[in-house]
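A short worksheet on the structure shown next.
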Amino acid sequence: MTAVLTSMMAKYPETGMAMTFTVVMMAGAFQILLGTLKMGKYVTLMPYSVISGFMSGIGVILIILQLSPLLGHAAPAGGVLGTLSALPETISNLKFNELFLGLLTLGILFFFPKKYRKYVPAQ
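Going by UniProt numbering, the sequence shown opens with residue 1, and the numbers climb by one from there.
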């Protein structure tokens with residue numbers, strides 16, 4: 001859903017917020033409807049490997065779409081293929097301040113010691 005909402009906001013900046021609100025409300029209404037009809041038990045019929053592959057694919061798409069902003073450039077048009085085709089030019093024109101800030105943020109995210117997490121909780 002995140003990928004759909006992100007592309008919707010990028011493609012339609014004037015009406016993207018209203019469309020995003022509509023999509024979120026419709027998704028909630030479908031969840032309530034399916035819960036009321038006791039359809040949740042059918043989710044278990046979907047194999048774990050299918051769900052895991054789907055979620056992994058979405059994760060890879062989101063990572064690819066964030067490569068240009070990490071390297072200091074605006075996200076190019078064309079989605080994943082546009083980002084991958086613009087990657088050589090983006091790498092040749094690095095903006096080191098933005099790259100340093102992005103790598104510092106990722107370093108803090110992945111290497112923050114567990115002993116400090118009780119003082120600085122996630123929420």
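Heads up, the beta-carbon is just placed ideally off N, CA and C, and yes, glycines get one too.
As the structure is a prediction and not an experimental result, all values here were calculated from the model.
Count the other C-beta atoms from every protein chain shown that fall within 10 angstroms of the C-beta of residue i, then say buried if there are 16 or more, exposed otherwise.
i: Thr83; result: buried
i: Ser49; result: exposed
i: Ser68; result: buried
i: Thr105; result: exposed
i: Thr90; result: buried
When you compare only the Cα positions, how much space is there between residue i and residue j?
i: Tyr12; j: Leu45; result: 36 Å
i: Gln66; j: Lys118; result: 30 Å
i: Ser92; j: Ala77; result: 18 Å
i: Gly102; j: Ala27; result: 33 Å
i: Phe30; j: Asn97; result: 44 Å
i: Ser52; j: Tyr42; result: 17 Å
i: Val60; j: Ile108; result: 21 Å
i: Gln123; j: Pro88; result: 38 Å
i: Met55; j: Ile32; result: 22 Å
Could you name the residues of the same chain whose beta carbon sits closer than 8 Å to that of residue i, not counting the 5 residues immediately before and after it, in chain order?
i: Met8; result: Gly16, Met19, Thr20 and Val23
Compare the C-beta of residue i with all C-beta atoms of chain D and state if any pair is closer than 9 Å.
i: Gly107; result: Here there is only one protein chain, and chain D is not present.
Leaving out five residues on either side along the sequence, give the residues of the same chain with a beta carbon under 7 Å from the beta carbon of residue i.
i: Ile64; result: Val80, Thr83 and Leu84
i: Leu34; result: Gly40
Please tell me whether residue i and residue j are closer than 9 Å, where the distance is taken between their beta carbons.
i: Leu71; j: Leu99; result: yes
i: His73; j: Lys95; result: yes
i: Val120; j: Phe110; result: no
i: Ala10; j: Ala86; result: no
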